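Enquirer: Chains A and B supply the protein sequences, listed in that same order.
Heads up, my numbering is the position in the first sequence plus 1212, with the first residue counted as 1.
Heads up, my numbering is the position in the second sequence plus 1212, with the first residue counted as 1.
C-beta: ideal position from N, C-alpha, C; glycine also.
Bear in mind that the values here come from a model prediction, so they are computed numbers and not experimental data.
Number of protein chains: 2
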Amino acid sequence: MSEPTLLVLDTDPSPRLGRLTGRASVRYTDEAGLAAQLPLADVLLVWDFTSDAVRAAWPGDGPRPAWVHTASAGVDRLLCPELAASDTVVTNARGIFERPIAEYVTGLVLAFAKDLPGTLELQHRRLWRHRESTQVAGSRAVVVGAGPIGREITRLLIALGVQVALVGRRARRTIHGVAELDRLASMADWVICAAPLTESTRGMFDARFFGLMQPSARFINVGRGPLVVEDDLVAALRKRWIAGAALDVFEQEPLGPQSPLWGVPDLIVSPHMSGDTAGWRDRLGEQFVEMYELWSAGEPLPNVVDKQRGYVPARDRSE
Amino acid sequence: MSEPTLLVLDTDPSPRLGRLTGRASVRYTDEAGLAAQLPLADVLLVWDFTSDAVRAAWPGDGPRPAWVHTASAGVDRLLCPELAASDTVVTNARGIFERPIAEYVTGLVLAFAKDLPGTLELQHRRLWRHRESTQVAGSRAVVVGAGPIGREITRLLIALGVQVALVGRRARRTIHGVAELDRLASMADWVICAAPLTESTRGMFDARFFGLMQPSARFINVGRGPLVVEDDLVAALRKRWIAGAALDVFEQEPLGPQSPLWGVPDLIVSPHMSGDTAGWRDRLGEQFVEMYELWSAGEPLPNVVDKQRGYVPARDRSE
């Protein structure tokens, strides 16, 4: 029995894939070569998760991989109607990014509450200017996106004494349905977006939404850039509809030097790094190797994406 | 029976003191008038807790207040040998600053781990530069100072998954004695100072100490400035003995524009604000009014300072 063909989208993947030697025929491709290689592959590993190439290269009715794994939490760059309609299994990197992103968001909340950006700016100007800061305990947050990342953010903020409302697509147990989002956001000190990008979430944070937030509130996005109408956020900050925002993800990444977003008052811009703690590429490689071993053995895969919804649905037990 | 005389060191105290109308004869004084007023006062409220004037003005053997309360956690600016030897009761503002300071420290830890200062600097230069950050969960901290502030810092960091060693003057239950500090600090990612300033803690963080810390570690001081030999810390940062530091307190406060500390690489300088969240002056005023009511009724006061040790000793039950 011949080894399955594992196609890796990236020319510089994790050395951890070396553990598949003898169990997979591993081929590497860049975006340009993807379309020609896809019909020959049993498995596609989307290691360069910033690429949109899979959408364009996905075969129609012809031979295609039985399994596609992406080294990311979001699958929005990957899914096209043809892939969604096919019987190909899509999996993601659930389990790698939750804690780092939750820590990152918690750090942003505390940085805003304690005005750390103001402190650094005053330090630069050599000015001793005492200010009162805000206590985080007792403040109110809304976390939008009830997947594992949103739930981990919720857990850490609760540990700091924040009152958190977690909002998902539909209400269930401790999760509020999206119909309650406006009411919750209007009372919140923090609105945190950790939702997947789908057709129903695209552009959901717009002028109307920022208009109902409190003038003292801050907005944080660690989900996907197109969830936010960036021009509307910039206007909301300039008009002081809200007190601050932090974006780690953007409509266009990387952000070019000409982007107006770099210079908006009270907006923190970071380069899509919230989930990437030291060793993250190794952990992604190890995770894929473990999943490949399950797949080779004919075992069910974890982290299977619901291709209609566009994310890994919560397991009933964990809801 | 005439009202007791309450002398307030400050000319602009909390409006909450108005609640003492009819129960105290309240007089205000600045530093210059303190010496003349002290012998006439039953109670001294040190509202301007940045003042060193009480040391200089404290009466020797003559009449003096039976009770001195300071609107601060530390009492180092207040205690002089004559006051320590007297039967005057000294109390502090224990209970007001613990949570705000613990949040502040937690925010600094996360800001270092996620390189928020680097992100803000790169944003200023309009540069998209992805970096790997550090996971806080699983990192190791040493908190020096086992009073209520150190214990609250410990509690919050543990909630984030940090392994915390709390170091106090003497070992007891979950607290390490100061003899273990070197060993613990040599393994720590974070060394956090929340100790009182006493003769045994002055200058304890010096070149020798920074030399035994890990090159990847950071030092944070929210205790008192003179605990740290500032020149030694600056040298340790410049020589890369340690990776970073944050000071909220200094040998001289406020820091003048000529201080070299403003411009040291990887040093965050803030203006003694870690404990001061919105409403803190009101809370200090309310706390004093409550204590005054106990004192008037002849009830025992809380937060009584051990004038030999220079801080409020832990209650046995809470150790």
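Using DSSP bridges, identify the partner residues of GLY1330 of chain A.
Expert: The count along the first sequence starts at 1 and reaches residue 1330 of chain A at position 118. DSSP lists no partner for GLY1330 of chain A.
Enquirer: Please name the residue in A:GLY1475, A:PHE1422 and A:LEU1409 whose C-alpha comes closest to that of GLU1463 of chain A.
Expert: As a working note, residue 1463 of chain A is residue 251 in the first sequence. Comparing Cα positions, the closest option is A:LEU1409.
Enquirer: Which stretch, first to last residue, makes up the beta strand (DSSP E) that contains TYR1523 of chain B?
Expert: If you number the second sequence from 1, residue 1523 of chain B lands on position 311. Looking at the DSSP string, TYR1523 of chain B is not in any beta strand (DSSP E), and its letter there is neither H nor E.
Enquirer: Anyone know if the C-beta pair for THR1318 of chain B and SER1345 of chain A falls short of 8 Å?
Expert: For this step, residue 1318 of chain B is matched to residue 106 along the second sequence. For this step, residue 1345 of chain A is matched to residue 133 along the first sequence. In this structure, SER1345 of chain A does not lie closer than 8 Å to THR1318 of chain B by Cβ.
Enquirer: From the DSSP output, in three-state form, read off VAL1321 of chain A for me.
Expert: Taking the first residue of the first sequence as 1, we reach residue 1321 of chain A at position 109. Residue state, collapsed to three classes: helix.
Enquirer: Mind reading off the beta-carbon distance from LEU1291 of chain B to SER1263 of chain B? Whole number of angstroms is fine, and I expect it under 8 Å.
Expert: If you number the second sequence from 1, residue 1291 of chain B lands on position 79. If you number the second sequence from 1, residue 1263 of chain B lands on position 51. Not confirmed; about 13 Å, so no contact.
Enquirer: Alpha carbons only, please: which of A:THR1233, A:GLY1234, A:ARG1231 and A:LEU1252 is nearest the one belonging to GLY1241 of chain A?
Expert: By one-based count along the first sequence, residue 1241 of chain A stands at place 29. Residue 1241 of chain A is actually Thr in this sequence, not Gly. Answer by Cα proximity: A:LEU1252.
Enquirer: Grouping DSSP H, G and I as helix and E and B as strand, with all else coil, what is TRP1402 of chain B?
Expert: As a first step, residue 1402 of chain B is located in the second sequence; it is residue number 190 there, counting from the start. Strand at TRP1402 of chain B.
Enquirer: How about SER1345 of chain B: is its C-beta nearer than 8 Å to some C-beta of chain A?
Expert: Numbered from its first residue, the second sequence carries residue 1345 of chain B at position 133. Yes - at least one Cβ of chain A is within 8 Å of the one on SER1345 of chain B.
Enquirer: Shortest alpha-carbon distance to ARG1343 of chain A belongs to which of A:VAL1354, A:PHE1324, A:VAL1355 and A:ILE1361?
Expert: Here residue 1343 of chain A refers to the residue found at position 131 when the first sequence is read from its first residue. Looking at the Cα atoms, A:PHE1324 is the closest of the given residues.
Enquirer: Taking the alpha carbon of TRP1507 of chain A as the reference point, which residue from A:ARG1495, A:PHE1421, A:ASP1254 and A:THR1386 has its own alpha carbon closest?
Expert: Here residue 1507 of chain A refers to the residue found at position 295 of the first sequence. Per the Cα distances, A:ASP1254.
Enquirer: Going by the C-beta, is THR1241 of chain A closer than 7 Å to any heavy atom of the ligand MN?
Expert: Of the ligands one can find in the structure shown there are none, so the ligand MN has no counterpart to examine.
Enquirer: Confirm, please, whether the CB-CB distance from ARG1228 of chain A to LEU1555 of chain A is below 8 Å.
Expert: Because chain A in this structure spans residues 1213 to 1531, residue 1555 of chain A falls outside the shown range and cannot be described.
Enquirer: Which residue comes first and which comes last in the alpha helix (DSSP H) that contains ALA1457 of chain B?
Expert: As a working mapping, residue 1457 of chain B is identified with position 245 in the second sequence. That residue, ALA1457 of chain B, is in no alpha helix (DSSP H); its beta strand (DSSP E) goes 1456-1459.
Enquirer: Does MET1485 of chain B have its Cβ less than 8 Å from a Cβ in chain A?
Expert: As a first step, residue 1485 of chain B must be located in the second sequence, where it is residue number 273. Chain A, which has a Cβ nearer than 8 Å to the Cβ of MET1485 of chain B, makes this yes.
Enquirer: Relative to the alpha-carbon of LEU1320 of chain A, which residue among A:ARG1235, A:ILE1432, A:ALA1278 and A:SER1284 has its alpha-carbon at the smallest distance?
Expert: By 1-based counting over the first sequence, the position of residue 1320 of chain A is 108. Cα-wise, what sits closest to LEU1320 of chain A is A:ILE1432.
Enquirer: I need the DSSP call for GLN1426 of chain B, collapsed to helix, strand or coil.
Expert: Locating residue 1426 of chain B in the second sequence gives position 214, counting from the first residue. Looking at GLN1426 of chain B - three-state DSSP - the assignment turns out to be coil, as it is neither helix nor strand.
Enquirer: Which same chain residues end up closer than 8 Å to LEU1473 of chain A when comparing Cβ atoms and leaving out the 5 residues on each side of it in sequence?
Expert: Indexing the first sequence from 1 puts residue 1473 of chain A at position 261. GLU1442, VAL1446, LEU1459, PHE1462, LEU1467, LEU1479 and VAL1481.
Enquirer: In the structure shown, what three-state DSSP assignment does ASP1528 of chain B receive?
Expert: Position 316 of the second sequence, counting from 1, holds the residue named residue 1528 of chain B. Legend: pLDDT at ASP1528 of chain B = 44, less than 50; position of this residue unreliable, no value from coordinates given.
Enquirer: Select from A:LEU1322, A:TRP1402 and A:SER1398 the residue whose C-alpha is nearest the C-alpha of VAL1355 of chain A.
Expert: As a first step, residue 1355 of chain A must be located in the first sequence, where it is residue number 143. The shortest Cα separation from VAL1355 of chain A among A:LEU1322, A:TRP1402 and A:SER1398 belongs to A:TRP1402.
Enquirer: What distance in whole Å lies between the Cβ atoms of ALA1244 of chain B and GLU1215 of chain B, which are believed to be in contact at a cut-off of 8 Å?
Expert: The sequence position of residue 1215 of chain B within the second sequence is 3, counting from 1. The sequence position of residue 1244 of chain B within the second sequence is 32, counting from 1. Not confirmed; about 25 Å, so no contact.
Enquirer: Determine whether the beta carbon atoms of VAL1376 of chain A and VAL1390 of chain A lie at a separation below 8 Å.
Expert: As a first step, residue 1376 of chain A must be located in the first sequence, where it is residue number 164. As a first step, residue 1390 of chain A must be located in the first sequence, where it is residue number 178. Their beta carbons are not under 8 Å apart, which means VAL1376 of chain A does not touch VAL1390 of chain A by this criterion.
Enquirer: Shorter than 8 Å from the beta carbon of LYS1519 of chain B to some beta carbon of chain A?
Expert: Within the second sequence, the letter at position 307 stands for residue 1519 of chain B. With 8 Å as the cut-off, LYS1519 of chain B does not count as an interface residue toward chain A.
Enquirer: Going along the region 1304-1318 of chain A in order, which residues come within less than 8 Å of chain B, judged by CB to CB distance?
Expert: Listed in sequence order: ARG1311, PRO1312, GLU1315, TYR1316 and THR1318.
Enquirer: Suppose you measure from the CA of ARG1289 of chain A to the CA of LEU1328 of chain B; what does that come to, to the nearest Å?
Expert: For the purposes of this step, residue 1289 of chain A is identified with residue 77 of the first sequence, where counting begins at 1. For the purposes of this step, residue 1328 of chain B is identified with residue 116 of the second sequence, where counting begins at 1. So the alpha carbons of these two residues sit roughly 28 Å apart.
Enquirer: Take VAL1238 of chain A and list the residues in its own chain whose beta-carbon comes closer than 7 Å to its own, dropping the five residues that flank it on each side.
Expert: To locate residue 1238 of chain A, count along the first sequence from 1; it is residue 26. If we look at VAL1238 of chain A and ignore the five residues flanking it on each side, its Cβ neighbours are LEU1218, VAL1220, LEU1229 and LEU1232.
Enquirer: Quick one: residues in its chain with C-beta nearer than 7 Å to the C-beta of ARG1311 of chain A, no 5 flanking neighbours on either side, listed in chain order?
Expert: On the first sequence, residue 1311 of chain A is found 99 positions in, with the first residue counted as 1. Taken in chain order, the residues that qualify are GLU1364.
Enquirer: Looking only at its own chain, which residues have a Cβ that is under 6 Å from the Cβ of LEU1393 of chain B, when we skip the five neighbours before and after it?
Expert: Residue numbering aside, residue 1393 of chain B sits at position 181 when the second sequence is read from its first letter. So the list reads VAL1379, once near-sequence residues are dropped.
Enquirer: Check the Cβ of VAL1258 of chain B against every Cβ in chain A and list those closer than 8 Å, keeping chain order.
Expert: Position 46 of the second sequence holds residue 1258 of chain B. Neighbours of VAL1258 of chain B on chain A: none; closest Cβ ~18 Å, over 8 Å.
Enquirer: Mind listing the chain A neighbours of GLN1335 of chain B? Cutoff is C-beta to C-beta under 8 Å, in chain order.
Expert: Stepping through the second sequence from its first residue, residue 1335 of chain B is reached at position 123. Under the 8 Å cutoff, chain A gives TRP1474, ILE1480, VAL1481 and SER1482.
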